[in-house]
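Q:
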Amino acid sequence: MNSTINTLVESARQGDWTPLLETAREVPGKNWPEKALCSGLDFEDDFFPESEHPWSDPDQLRESHADSLRLPLALCSACPLPVAARCLVDALRYEDRYGIRAGLLAPEREVLLSLWKTRVNADSVEAVIQGVTTLLNSAERTAVIARVIEDPEVNPRLVAQGLGIPIKYLWQLVREHKKRSADSSVPEAA
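Using the numbering used here, read the sequence shown as starting at -14 and increasing by one per residue.
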């Protein structure tokens, strides 16, 4: 992993996702993989070490597979920073649990993935509120449902459209959210 992507990763681990996300936005669209150095090469299997699992020890994996990891890791470290950032963001967004992405092995991404799932991107939440279909993590989806409940100005039909679900299902999510909130606010008997 090159030191610059490492800086972005470290910021994300500290809770500041802005540098990583802004860098990833420099490569818009769905054809970004064509800009990656690994694009179109015949050794895609090298990016998926045989014994790699999310729970593997990354140092042991790097040591035991040093020869087979050399080429994919070298390509990742030479990849343009915005492409590497986009690669990592997409790996987190789609919860890729295997393979090398942006120079990180799957077990090296696990902590980031856990943090990613709990972060709330206000822009994504607002986009869904406005009816724009946007991929959300569970924390963001919960924030959207809470806004439907709390803000009478929010148009439920637009929210359903943004979530890509029928309005009837949105109302079911609202009921479930209210029930969970009520259950968690009831004090336990001593």
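We put the CB at the ideal spot given by N, CA and C, even for glycine. Quantities reported herein were computed from a predicted structural model and do not represent experimental measurements.
Compare the C-alpha of LEU143 against each of LYS163, TRP17 and GLU111 and name the closest.
A: Ranking LYS163, TRP17 and GLU111 by Cα distance to LEU143 puts GLU111 first.
Q: Measure from the alpha carbon of ARG160 to the alpha carbon of each residue in ASN140, GLY147, ILE130 and SER169, then state which is nearest.
A: ARG160 has its Cα closest to that of ILE130, out of ASN140, GLY147, ILE130 and SER169.
Q: Apply the 10 Å Cβ neighbour rule to ALA63 and answer buried if 16 or more other Cβ atoms are within range, or exposed otherwise.
A: Exposed, since its Cβ has fewer than 16 Cβ neighbours within 10 Å.
Q: LEU73 by DSSP, collapsed to three states: which one?
A: Helix at LEU73.
Q: The ligand GDP and VAL133: does the residue's C-beta get closer than 6 Å to at least one heavy atom of that ligand?
A: Ligands in the displayed structure: none, and consequently the ligand GDP is not present.
Q: Tell me the DSSP bridge mates of LEU89?
A: DSSP lists ARG86 as partners of LEU89.
Q: How far does the alpha helix (DSSP H) with GLN(-1) in it reach, from first residue to last?
A: Segment: none, GLN(-1) is in no alpha helix (DSSP H) and carries neither H nor E.
Q: Identify, in the order they occur along the chain, each residue of the same chain with its Cβ nearer than 7 Å to the Cβ of LEU233, setting aside the five sequence neighbours on each side.
A: Residue coverage of the chain in this structure runs from -14 to 175, which leaves residue 233 outside it and unanswerable.
Q: Answer with buried or exposed for THR103, where buried requires no fewer than 16 other C-beta atoms within 10 angstroms of its C-beta.
A: Its Cβ having fewer than 16 others within 10 Å, THR103 is exposed.
Q: Can you tell me which of the three DSSP states TRP156 falls into?
A: TRP156: helix per DSSP, three-state reduction.
Q: Could you give the first and the last residue of the continuous alpha helix (DSSP H) run that contains GLY147?
A: It spans 141 to 148 - the alpha helix (DSSP H) in which GLY147 sits, taken as one unbroken run.
Q: Taking DSSP as the reference, what is the three-state secondary structure of GLU7?
A: Looking at GLU7 - three-state DSSP - the assignment turns out to be helix.
Q: Can you tell me whether ILE152 is buried or exposed, with buried defined as 16 or more other CB within 10 angstroms of its CB?
A: Exposed: under 16 other Cβ atoms inside 10 Å.
Q: Alpha carbon to alpha carbon, how far is VAL139 from SER99?
A: When rounded, the distance between both Cα atoms is 30 Å.
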